[in-house]
Every structure is written in C-alpha cells, then in structure tokens.
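Student:
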Amino acid sequence: MTDVWSDGGNWETGHWLNGRLGSLTTIRLVERILRDYGFLDFRIEDLDGIVDGFVIARVGSARQALLGLSEALGFEAAESGDVVRFVRRGLPRLAIGVADLVAEGEQPLVTLRRAQETELPAELAFGFIDGASDYRDRVVASRRLEAAGDRQTALSTGIVTDDALAVALADHRLQEIWDGRETVSLALTDRRLALEPADTVTLIRPEGRISFRVTKIEDGLARRIEGKSIDPYGSGVPTGGGTVGTPEWSPDPGPPDVAVLDLPSLSGVDAPAARIALFADPWPGPFGVAIGSASSGYQLRQSIPQRAVMGTIAAAIPPGPVGRWDRATFLEVSLPAETLSGEPAEAVLNGRNIVAIGHAADGFEVIQFRDALLVGEGLWRVSGLLRGQGGTSDHAAAGHAPGSRFVLIDAATPLLALDPAETGLLRSLRAGPLASAYDPESFTTLDFTVHGRALLPHAPAHLRATRNPVGDLRLDWIRQTRLGGDGWDQAEVPLGEASEAYRVLILEGPSERGRFETSAPHLTLSAATLAAMLSAPGVSFIARVSQLSATAGAGIATEILVHG
Numbered sequence: 012m013t014d015v016w017s018d019g020g021n022w023e024t025g026h027w028l029n030g031r032l033g034s035l036t037t038i039r040l041v042e043r044i045l046r047d048y049g050f051l052d053f054r055i056e057d058l059d060g061i062v063d064g065f066v067i068a069r070v071g072s073a074r075q076a077l078l079g080l081s082e083a084l085g086f087e088a089a090e091s092g093d094v095v096r097f098v099r100r101g102l103p104r105l106a107i108g109v110a111d112l113v114a115e116g117e118q119p120l121v122t123l124r125r126a127q128e129t130e131l132p133a134e135l136a137f138g139f140i141d142g143a144s145d146y147r148d149r150v151v152a153s154r155r156l157e158a159a160g161d162r163q164t165a166l167s168t169g170i171v172t173d174d175a176l177a178v179a180l181a182d183h184r185l186q187e188i189w190d191g192r193e194t195v196s197l198a199l200t201d202r203r204l205a206l207e208p209a210d211t212v213t214l215i216r217p218e219g220r221i222s223f224r225v226t227k228i229e230d231g232l233a234r235r236i237e238g239k240s241i242d243p244y245g246s247g248v249p250t251g252g253g254t255v256g257t258p259e260w261s262p263d264p265g266p267p268d269v270a271v272l273d274l275p276s277l278s279g280v281d282a283p284a285a286r287i288a289l290f291a292d293p294w295p296g297p298f299g300v301a302i303g304s305a306s307s308g309y310q311l312r313q314s315i316p317q318r319a320v321m322g323t324i325a326a327a328i329p330p331g332p333v334g335r336w337d338r339a340t341f342l343e344v345s346l347p348a349e350t351l352s353g354e355p356a357e358a359v360l361n362g363r364n365i366v367a368i369g370h371a372a373d374g375f376e377v378i379q380f381r382d383a384l385l386v387g388e389g390l391w392r393v394s395g396l397l398r399g400q401g402g403t404s405d406h407a408a409a410g411h412a413p414g415s416r417f418v419l420i421d422a423a424t425p426l427l428a429l430d431p432a433e434t435g436l437l438r439s440l441r442a443g444p445l446a447s448a449y450d451p452e453s454f455t456t457l458d459f460t461v462h463g464r465a466l467l468p469h470a471p472a473h474l475r476a477t478r479n480p481v482g483d484l485r486l487d488w489i490r491q492t493r494l495g496g497d498g499w500d501q502a503e504v505p506l507g508e509a510s511e512a513y514r515v516l517i518l519e520g521p522s523e524r525g526r527f528e529t530s531a532p533h534l535t536l537s538a539a540t541l542a543a544m545l546s547a548p549g550v551s552f553i554a555r556v557s558q559l560s561a562t563a564g565a566g567i568a569t570e571i572l573v574h575g
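Residues in the sequence shown are numbered from 12 upward in steps of one, following the numbering used here.
1) What residues are listed by DSSP as bridge partners for Q400?
2) Tell me the residue span of the alpha helix (DSSP H) that contains T37.
3) Just to confirm my understanding: we take S196, look at its own chain, exclude 5 residues before and 5 after, and list those with CB closer than 6 Å. What are they?
4) Would you list the one or two residues that DSSP bridges to V171?
5) Considering A301, what are the terminal residues of the beta strand (DSSP E) in which it resides?
6) So, do the stretch 451-471 and the stretch 559-570 have three or more beta carbon pairs nearer to each other than 8 Å?
7) Can you tell me where the alpha helix (DSSP H) holding T540 begins and where it ends?
8) Considering just the uninterrupted stretch of the beta strand (DSSP E) at G566, what are its terminal residues?
9) Apart from the five residues on each side of it in sequence, which residues of its chain come closer than 6 Å, Cβ to Cβ, to T254?
10) Check E56 in the structure and name its three-state DSSP category.
11) Evaluate contact between the stretch 360-380 and the stretch 289-304, counting only Cβ atoms and requiring at least three cross-stretch pairs below 8 Å.
12) Can you tell me whether Y449 is buried or exposed, with buried defined as 16 or more other CB within 10 angstroms of its CB?
13) What does a CB cutoff of less than 8 Å around A363 pick up in its chain, not counting 5 residues either side in sequence?
14) Under a Cβ-count criterion, where at least 16 other Cβ atoms within 10 Å of its own Cβ denotes burial, should A407 be classed as buried or exposed?
15) Which whole runs of the alpha helix (DSSP H) in the stretch 278-362 are 4 residues long or more, in chain order?
16) Spell out the partners DSSP gives P444 in its beta bridges.
17) Let's see if you can read the secondary structure: which residues bound the alpha helix (DSSP H) around R74?
18) Any idea which residues DSSP pairs P103 with across the strands?
19) Measuring only the C-alpha atoms, how far is W391 from P347?
20) So F552 packs on E511, CB below 8 Å; how close in whole Å?
21) Please confirm if T456 has its CB atom under 9 Å from at least one CB of chain B.
22) Just list the beta strand (DSSP E) runs in the stretch 211-242, keeping only unbroken ones of 3 residues or longer that don't cross its boundaries, in chain order.
23) Report the option in R162, S306 and Q310 whose CA atom is closest to the CA atom of A152.
24) Return the residue from the list D47, D382, D337 and G498 that minimises the CA-CA distance to A358.
25) Leaving out the 5 sequence neighbours to the left and right, which residues in its chain are closer than 7 Å to P329 when beta-carbon positions are compared?
26) Report the option in L419, L80 and R555 whose CA atom is closest to the CA atom of R524.
27) Taking Cβ to Cβ, would you say T200 is nearer than 9 Å to R234?
28) Tell me the residue span of the beta strand (DSSP E) that contains G116.
29) Could you have a look at W189 and say whether DSSP puts it in helix, strand or coil?
30) Closest by CA to A88, which one among G389, T460, D141 and I38?
31) Just the C-alpha distance for G387 and A412, rounded to the nearest angstrom, thanks.
32) Can you tell me whether R184 is buried or exposed, with buried defined as 16 or more other CB within 10 angstroms of its CB?
33) What distance in whole Å lies between the Cβ atoms of G142 and V150, which are believed to be in contact at a cut-off of 8 Å?
34) Please classify E157 as buried or exposed, where buried requires at least 16 other C-beta atoms within 10 Å of its C-beta.
35) Work out the CA separation of E42 and T36 for me, nearest whole Å.
36) For the structure I just gave you, are there three or more beta carbon pairs, one from the stretch 208-215 and one from the stretch 100-118, closer than 8 Å?
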C-alpha cells in the first residue's frame, strides 16, 4: 500500500478513516451482543482491544456467544449481585497486606501451588478469520521454546482480525497460561467483603508481591480466596506487529454453471446414471447440491469438491460413424478454463477421455477422443474420435449444432444423488457454496428431469433385409447389451433385460403400416403380409427395430430402407 500512499502503513492501525469505521471496540461489541440476546443486567468495565469483526458460529446462549471473544481478548464475565460484570484480566482492583489475612488452624497464611511445566502447553494454535485475505479461516501458532513438554492447545476465537494481531494475541494468551501456573490460596478478614470473582488482587508481603486473579470465593468464618497468578503489567491487548500484508482481492464467481447429464451407464450398474457438472471461475471451494422445491424446502444431497471441465462446441459436428475410429471429424472446443490432454489409443479403448456433447433438452452423445491440441486462447481441436459410445448412436447420427455443451466425464462429474423413484419426475435443484445460506447472487436454481437414459436398451446392430425368390422378407439383426458387455472371452453378451423381446415397425413415409413383436433377433414377413400393409406393390419402406425393456419400454431404434 505504501507504493501508492506514503502513509499506507497507518491503515493497519486504524488511522485511516475507513480503518476507524471498519473496526469496533471490545466494549461496544460486547454490549451489542448482550443486547441482541435480550440481556440487560450487565456492567462492562475497562475492556481493552479493537477488532474488525466477530462471528457467532452457532446458536446458543450469550455466554457461549462471547466465549471465543473473551478467550481471545482476555476478559472475564462474573456475577456481581444481580448483574454480570465484564472485567479485563489483569486490571488491578485492590492491594491487600498481611494484616488482611486470617490464619485457619495450622494452615499457612498463604499457600502457593505450582503446576508442573510438563502439564502446560508448549504451543498454542490461535484460530481467527483473516479480514485481509477474503475472510478466510486462518490459524497461527505461538510456541514456547524453553518448555519442558510438547503439549499443544488450540483456541478457536471467531474474531476477524489480521495476521499480525493474531500472532500477538497468540503469544499473549500462551504467556498468560504460563503466568497462571501458580494457584494462590488464602483467607481474608471480613473487611474485604467487596472482593469479587475476576478481580485482580496484589498481595504485599515481606517476601515480595504476588498478583493473582480471583477464581473462587468461599464465605464462612473467614473468607477463603483462591486465584491464579497473573502478570498485571502484561495483560493488555496488543496492537499487532505491523506485518499485515496487502488485502487480497478475490473476484466473486457468481452463480455456478450447472449441467445435469442424463447419460447411459458408464460403469455397468443397472440404475439411472445421471451425472452433475458444475463450473465457476474462480472456483471458491466445495459446492453443495440440494434438491427439493421452494414450497417444501431444499435438502442437501451431495457436495461437489472440484469444478468440471466444461465448455461449448465452437463449430457444428456432423453425423459420424459408430463402432470405429472417426478420423475425419475434428471438434472445435471452447473452454473458459482447464485443459485437455491426449491419450494413447489403448488408453482410450480402456475408458479414458470420455466427454458428453449435447443439450439437456435433446440429450447427450458420449464421445471419446485420442488427440487434443490447443490452437488458440481457450480453443482446442479434438480428434481421433469414437462416436456414439454407451449406446448413444442416435445422437451420433443427428450431429450437434454450434454452442452444444462439452463436458469431460471424470471424477469432477459424479453421479447425481437421485433416488430411482425420482426418475421421470420434474425436480428442482439449487447449487451454491457449501454451508452458505441461500443467496440468489451466488446460487443457481435449475429445474430438470432425468428420464433414465441408462435404462434404455441399446439399438440393435447390423440390421439387414433379404428376400427369397417368392418375395418373403427376412429381417436379421444382432442385439447389443447395456450391461456387462466388455468382456472379450464371453460367448454371448448378457441380455441385460428381464426377457428378450423386440419391436419392428414398418413405415411408409411418415405413416406406420405395421407393428410386430418377436422374441428372437429376426423376423420374417411374407409377400402377402407386405402386400396387405403397403400402399402399392414394389413401394419402398423403412423397417425400424428396437429392443424392449420391461421397465423402460422401447429402446433406441435402428432402421434401414427396404426397396420394393
């Protein structure tokens, strides 16, 4: 900051106007919290310190809300008659002498018990919120080099401050623990009835002075006092060491881009396999995905720890072949962030470099690619394609328009946590920063329906038609399976359905002329049957075949043109 303003260093200690306006004294902060909790019977004494803010992390009492603040800034809450007073630790209250002490039997006038050094922490971790680093949670540590043990303790404060002040507070709190390692016990005369818990008392005796904070009072024939030793000259709140860095600026990514991908099963599991992809730049951290409605509320279903590689197709993709390498088609892909990388052909055949291309309304084609080349800023040329993977041959045959989504399928695109009973239902999701309250400025709300593409039987392959001399037509095809068909040593791929069944449609132009079902991968239509169905002898028609599922109905169809 000093490279622009010569007095930039003064900003750290609040000497700029915005520094003063952005800070709050401990007295005002405690008073505000107590009044927010409806607590009126209190008295705030000479508390010290200034903070930039304070976060109450959970619902609780006023005492619980102030606990982190009091531990960080070194003050106590104690009852005093019908009010609760807040007292700074180490603030001298009164001095007493030997004449104020009362002997109790054979006990000494003053008892000092010192804790073993091995029982005291050698290191204190101080948790705070760094106001100069986009309000991130931070931890600094203070360590006592001459400590005999290696104990550690942690303090989670909830205060908003800077790194320099947090380090100074950590040093101070650790020193305070060591200063209080002695427990003082004594009995006083009834002339000292004004003494209350949390008071700092200095005992003046010939051997020297002892300062302690009163922690316990027992009234009987004498007033027995117990307290912790304290350094009355070291309990103020430090102002920091002036080592705070320049405040960091973190751009707001806004609502994330969300895509629900209704894809075929890529793992062989017989269940809906919809995936979810989120993108934000910059990525602020894990996002939460909640599903529900505005009327019934949204329930968190899952968290997304990393952003997906998402972009768009810069140029149209023509229809492509299925079942072999497509070496003629190149994809022009625009990515706002992240990168792509090529893989050897063997790795691609083993399931690497899978992408989904399309739109939620029309569906997605699953494509694999072998080569990726950066040809411009954020522009990639992808080639060496395997089209129509996972049974998406229908989308491969249709091609894709410019602007279609391009989503890399990997660990950043997990399965959507959707119950199978929700398949086919209109649902609504909200995606936003995890553990944050809903804010339309940072959350995306999306209505979607998962139709269960993974449950549809794949299109039959190698459909062909042959005629015998008398004009009978025989249709033959080979079924595909959507489950467990990757094994090379299988005599026959699994059926994947409850029973084997197919539907054959005979279409003349847009009109359906006949519908047949068969339980075998072939069908014979006699010349007489064809003559009865078609509008004229020798007319051309389309034979369309699809496998049937007991739960999803007719699957993806394949068709051929049969000439008369």
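Heads up, the beta-carbon is just placed ideally off N, CA and C, and yes, glycines get one too. Keep in mind that this is a model prediction, so the values were computed, not measured.
Tutor: With the structure as the only source:
1) On the sequence shown, residue 400 is found 389 positions in, with the first residue counted as 1. Q400 is bridged to V377.
2) In the sequence shown, counting from the first residue as 1, residue 37 sits at position 26. Where T37 is concerned, the enclosing alpha helix (DSSP H) stretches over T37 to D47.
3) By one-based count along the sequence shown, residue 196 stands at place 185. Here the set comprises T122 and E237.
4) The count along the sequence shown starts at 1 and reaches residue 171 at position 160. V171 pairs with G64 and I140.
5) The residue labelled residue 301 in the question sits at position 290 within the sequence shown. Here the beta strand (DSSP E) through A301 covers F298 to S304.
6) yes
7) The residue you call residue 540 lines up with position 529 of the sequence shown. T540 -> alpha helix (DSSP H) spans A538 to M544.
8) Taking the sequence shown and counting its residues from 1, the one referred to as residue 566 is at position 555. Where G566 is concerned, the enclosing beta strand (DSSP E) stretches over G564 to V573.
9) On the sequence shown, residue 254 is found 243 positions in, with the first residue counted as 1. Residue placement at T254 is poorly supported in this model, since its pLDDT is 48, which falls under 50; the coordinates are not used for a value here.
10) The count along the sequence shown starts at 1 and reaches residue 56 at position 45. Three-state DSSP puts E56 in coil, outside helix and strand.
11) no
12) The residue given as residue 449 occupies position 438 in the sequence shown. With fewer than 16 Cβ atoms within 10 Å of its Cβ, Y449 is classed as exposed.
13) Translated into the one-based positions of the sequence shown, residue 363 becomes position 352. Checking the sequence, you will find Arg at residue 363 rather than Ala. Cβ neighbours of R363 beyond the five flanking positions: E354 and Q379.
14) The residue given as residue 407 occupies position 396 in the sequence shown. A407 should be labelled buried.
15) 356-360
16) Taking the sequence shown and counting its residues from 1, the one referred to as residue 444 is at position 433. For P444, which the question treats as bridged, DSSP gives the partners F298.
17) To locate residue 74, count along the sequence shown from 1; it is residue 63. It spans A73 to L84 - the alpha helix (DSSP H) in which R74 sits, taken as one unbroken run.
18) Against the sequence shown, residue 103 aligns to sequence position 92. T211.
19) Position 380 of the sequence shown, counted from the start, is the residue given in the question as residue 391. Position 336 of the sequence shown, counted from the start, is the residue given in the question as residue 347. Whole-angstrom Cα-Cα distance: 11 Å.
20) The residue labelled residue 552 in the question sits at position 541 within the sequence shown. The residue labelled residue 511 in the question sits at position 500 within the sequence shown. That belief does not hold up - the Cβ atoms of F552 and E511 are roughly 25 Å apart, past 8 Å.
21) Included in the structure is just one protein chain, with no chain B present.
22) 211-216, 219-230 and 234-240
23) Along the sequence shown, read from residue 1 onward, the residue named residue 152 stands at position 141. The option with the nearest alpha carbon to A152 is R162.
24) To locate residue 358, count along the sequence shown from 1; it is residue 347. If we check each option's Cα against that of A358, D382 comes out closest.
25) The count along the sequence shown starts at 1 and reaches residue 329 at position 318. For P329, where only same-chain residues beyond five positions count, the Cβ hits under 7 Å are T340 and G410.
26) Position 513 of the sequence shown, counted from the start, is the residue given in the question as residue 524. It is R555.
27) Here the question's residue 200 lines up with position 189 in the sequence shown. Here the question's residue 234 lines up with position 223 in the sequence shown. Result yes, Cβ atoms of T200 and R234 sit closer than 9 Å.
28) One-based indexing of the sequence shown puts residue 116 at position 105. Neither: G116 is in no beta strand (DSSP E) and is coded neither H nor E.
29) As a working note, residue 189 is residue 178 in the sequence shown. DSSP places W189 in helix when its eight states are reduced to three.
30) Locating residue 88 in the sequence shown gives position 77, where the first residue counts as 1. Cα-wise, what sits closest to A88 is I38.
31) In the sequence shown, counting from the first residue as 1, residue 387 sits at position 376. In the sequence shown, counting from the first residue as 1, residue 412 sits at position 401. Spanning the two alpha carbons is a distance of roughly 21 Å.
32) Within the sequence shown, the letter at position 173 stands for residue 184. With 16 or more other Cβ atoms within 10 Å, it is buried.
33) For the purposes of this step, residue 150 is taken as the residue at position 139 of the sequence shown. For the purposes of this step, residue 142 is taken as the residue at position 131 of the sequence shown. Contact doesn't hold; Cβ gap of about 15 Å is too wide.
34) For the purposes of this step, residue 157 is taken as residue 146 along the sequence shown, with counting starting at 1. E157 comes out exposed.
35) Position 25 of the sequence shown holds residue 36. Position 31 of the sequence shown holds residue 42. For T36 and E42, the distance between alpha carbons rounds to 10 Å.
36) yes
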